[in-house]
Ligand SMILES: [Zn+2]
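Residue numbers (the numbering used here): 3 to 139.
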């Protein structure tokens, strides 16, 4: 602070004063704030870079974390699904159950059941024909 004291009149001026407020003499310790300014700037930019890097790292981590969460949730969901549908079932039994429900759905379809009836009738007719042929022999 003594550097801002006017050498001519002895008045202590503010740090940002270029010249003495009383006698207008240029205050000599000018290079000091000039030297400080780039240092302060570089420090500020360093802070900004550090902050940006920290923020980027935080973003990356939160993204990574959320991705992990999604993966964990998916695993959990699959695990719960397995528990629900295949509790105490082996893989083949589970497949059978699935195929069973599939055929159950197909059977409930009207057009398909009609088609199946037609096939059954054809089979009966063919069996009758075969029986008749066998009866001839
Ligand atoms: Zn002065």
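Here a beta-carbon is modelled for each residue, glycine too, at the ideal position from N, C-alpha and C. Being a predicted model, the structure only gives us computed values, none of them experimental.
Inter-residue distance for residue 59 and residue 7 is about 47 Å (C-alpha atoms, whole angstroms). A straight-line Cα-Cα distance of about 55 Å links residue 64 and residue 115. The nearest non-hydrogen atom of ligand 1 is 8 Å or more from the C-beta of residue 49. Per the coordinates, the alpha-carbon of residue 16 lies some 26 Å from the alpha-carbon of residue 47. When secondary structure is reduced to three states using DSSP, residue 98 falls in the helix class. Going down the chain, each residue whose beta-carbon is closer than 6 Å to a heavy atom of ligand 1 shows up: 8, 10, 11, 13, 22, 24, 25 and 27.
Residue pairing from DSSP places residue 7 in a beta bridge opposite 14. Shown here, residue 28 sits in a strand according to DSSP, grouped into three states.
Residue 28 counts as exposed, since fewer than 16 other C-beta atoms from the protein chains shown sit within 10 angstroms of its C-beta. Burial is judged here by how many other beta carbons sit within 10 angstroms of a residue's own beta carbon; residue 22 has at least 16 and is buried.
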